[in-house]
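Let me begin by presenting the structure, written as structure tokens, before commenting on it.
Protein chains: 2
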Amino acid sequence: MPKRTDLFESDPDDTREAIMKATYDALSKHGYADLTIQRIGDEFDKSKSLLYHHYDSKDALLVDFLGFMLERMEGTIPLEEAAAADDRLRVGFDHVFAEILDGDREQFNRAMTELRAQSAHDDSFREQFTRNDRYFESRVQDIIEEGIQQGIFREVDAEQVASMLVTIIQGATFQATTSTEPDLDAVRTELDAYIESRLLDDD
Amino acid sequence: MPKRTDLFESDPDDTREAIMKATYDALSKHGYADLTIQRIGDEFDKSKSLLYHHYDSKDALLVDFLGFMLERMEGTIPLEEAAAADDRLRVGFDHVFAEILDGDREQFNRAMTELRAQSAHDDSFREQFTRNDRYFESRVQDIIEEGIQQGIFREVDAEQVASMLVTIIQGATFQATTSTEPDLDAVRTELDAYIESRLLDDD
Chain A
300 MPKRTDLFES DPDDTREAIM KATYDALSKH GYADLTIQRI GDEFDKSKSL LYHHYDSKDA
360 LLVDFLGFML ERMEGTIPLE EAAAADDRLR VGFDHVFAEI LDGDREQFNR AMTELRAQSA
420 HDDSFREQFT RNDRYFESRV QDIIEEGIQQ GIFREVDAEQ VASMLVTIIQ GATFQATTST
480 EPDLDAVRTE LDAYIESRLL DDD
Chain B
300 MPKRTDLFES DPDDTREAIM KATYDALSKH GYADLTIQRI GDEFDKSKSL LYHHYDSKDA
360 LLVDFLGFML ERMEGTIPLE EAAAADDRLR VGFDHVFAEI LDGDREQFNR AMTELRAQSA
420 HDDSFREQFT RNDRYFESRV QDIIEEGIQQ GIFREVDAEQ VASMLVTIIQ GATFQATTST
480 EPDLDAVRTE LDAYIESRLL DDD
């Protein structure tokens with residue numbers, strides 16, 4: 300998830316964007332369980348009746364919020380900044396781990412874990428999170444396939460390795476938000492060792 | 300998490316055990332969000348007043364339930380069944396993935412994800428889940444250290460690799476319970492590839 304300042308203008312004109320920003324702020328402040336439309340309204344500069352006009356329920360608003368976050372995220376992860384596939388993977392994972400560990404985003408990250416756990420019993424949440432997963436997985440898969448073509452990576456099953464990498468990111472996010480002593484520095488270091496031993500071609 | 304039949308006697312005498320069994324059944328049936336002491340009582344053969352006598356709140360009961368599950372789990376994961384460290388890891392992961400993918404446990408697994416997500420804003424849940432994590436991590440670390448001593452594994456940082464393996468299991472569990480299309484067969488296969496490329500000594 301990108302930083303708040305990368306996601307929103309400081310004073311958005313567009314109503315939907317203003318609602319999304321208020322939702323982000325209310326989620327960061329109250330978490331999912333204590334979130335109400337009223338509390339989103341408290342973060343909202345325009346008329347609160349607009350919220351009720353646009354959304355039937357808190358959960359309908361949140362599903363739209365998840366879709367919005369996905370749109371905005373596309374492009375903010377710097378997977379393209381390096382030429383060689385192994386460097387692109389490392390730059391991308393550095394970015395993701397920095398966001399997971401960013402103290403300023405702690406409350407928001409915890410709220411996202413709560414939201415995702417709602418997927419356990421809510422199909423529309425589950426579908427939206429699955430779309431997010433598939434988006435990241437296909438981006439990672441593209442990079443691995445490129446690495447194979449560049450002769451940097453071994454001829455692995457790129458889809459299978461991408462599934463594993465997305466699973467690791469999810470496990471790290473889950474741990475960061477639900478453990479008293481997440482050791483994510485160890486996981487980040489081991490991720491490099493995994494990429495090196497499993498992907499890098501020795502020749 | 301072990302199977303229900305491995306965890307509980309069919310008709311437990313002990314009051315705490317009977318409460319734990321009722322909690323397991325109520326969680327499987329209703330999930331966390333819709334769980335009430337009343338609903339746990341509905342699964343309970345003895346006097347419901349016992350529940351209120353033993354626990355102040357639903358969450359106090361659930362923290363005790365998590366501790367109980369950890370006690371019972373110790374020993375049910377068949378990490379000891381093989382002699383060679385790499386086989387012991389594989390047998391253990393086969394067992395864990397079979398539990399994650401077990402259709403009969405789907406509702407219970409989802410409830411556990413919801414419970415774990417509560418840790419995002421509840422310290423006593425977070426501490427109990429962290430204890431569970433540390434228990435598994437130390438078991439896995441022991442096996443890796445043994446593998447190094449047996450000359451089967453490379454001289455890796457066993458704690459770091461154990462952190463990664465626990466992170467992968469958590470990510471897989473999270474995905475199985477919150478995604479519409481978790482590809483855990485791919486993750487299980489890739490886990491073997493990771494162990495082979497990262498841990499197995501070529502000599």
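Here the protein sequences line up with chains A and B, keeping their order.
Each residue of the first sequence is one higher than the last, beginning at 300 in the working numbering.
Each residue of the second sequence is one higher than the last, beginning at 300 in the working numbering.
Using N, Cα and C, we set each Cβ at its ideal position, and we do this for glycine too.
Keep in mind it's a predicted model, so treat the numbers as computed, not measured.
DSSP bridge partner residues for residue i (one or two, in chain order)
| i | result |
| --- | --- |
| L499/A | F452/A |
Cβ distance (whole Å) where residue i is taken to contact residue j below 8 Å
| i | j | result |
| --- | --- | --- |
| V395/A | E489/B | With 8 Å as the limit, V395/A and E489/B do not qualify as a contact, their Cβ atoms being about 19 Å apart. |
| Q469/B | Q474/A | 6 Å |
| D385/A | L499/A | 6 Å |
| I339/B | A321/B | 5 Å |
| Q406/A | S327/A | 5 Å |
| T412/A | T476/A | 4 Å |
| A289/A | S462/B | Here chain A covers residues 300 to 502 and nothing more, so residue 289/A does not appear. |
| A457/B | Q440/B | 5 Å |
| D491/B | R389/B | 7 Å |
| Y351/B | Y493/A | Contact flag wrong, Cβ pair sits at about 50 Å. |
Reference residue i, options the options, closest by Cα
| i | options | result |
| --- | --- | --- |
| E398/A | A471/A, D358/A, E426/A | A471/A |
| M368/A | L334/A, M319/A, H420/A, R404/A | M319/A |
| E480/A | V390/B, L464/B, F428/B | F428/B |
| F424/A | L361/A, E436/A, M372/A | L361/A |
| T314/A | L349/A, V486/A, M463/A, D358/A | L349/A |
| E373/B | D432/B, E444/B, G450/B | D432/B |
| D344/A | A317/A, D403/A, G446/A, E445/A | A317/A |
| A410/B | H329/B, L464/B, Y354/B, A492/B | H329/B |
| D422/B | K347/B, D358/B, Q440/B | D358/B |
| L306/A | E370/A, D355/A, A325/A, D312/A | E370/A |
| S356/A | D341/A, S346/A, G366/A, L334/A | L334/A |
| E436/B | A382/B, D403/B, G391/B | G391/B |
| E445/B | A382/B, A492/B, S309/B | A382/B |
| G366/A | L464/A, Y434/A, D341/A, V455/A | Y434/A |
| G450/B | K347/B, D501/B, G402/B, L400/B | D501/B |
CB contact check: residue i to chain A, cutoff 9 Å
| i | result |
| --- | --- |
| L490/B | yes |
| I318/B | no |
| Y493/B | yes |
| D456/B | yes |
| F396/B | no |
| M463/B | yes |
| E413/B | yes |
| R409/B | yes |
| V362/B | no |
| G330/B | yes |
| S418/B | yes |
| F343/B | no |
| V460/B | yes |
| D500/B | no |
| T335/B | no |
| T466/B | yes |
| F473/B | yes |
| D358/B | no |
| D482/B | yes |
Short Cβ contact (9 Å threshold) for residue i with residue j
| i | j | result |
| --- | --- | --- |
| Y331/A | F364/A | no |
| R387/A | I442/A | yes |
| R438/B | I447/B | no |
| E308/B | A325/B | no |
Any C-beta of chain B under 9 Å from that of residue i
| i | result |
| --- | --- |
| E426/A | yes |
| G470/A | yes |
| R497/A | yes |
| E444/A | no |
| T477/A | yes |
| F452/A | no |
| D432/A | yes |
| D422/A | yes |
| T267/A | Because chain A here runs from 300 to 502, residue 267/A falls outside it and cannot be looked at. |
| Q440/A | no |
| A485/A | yes |
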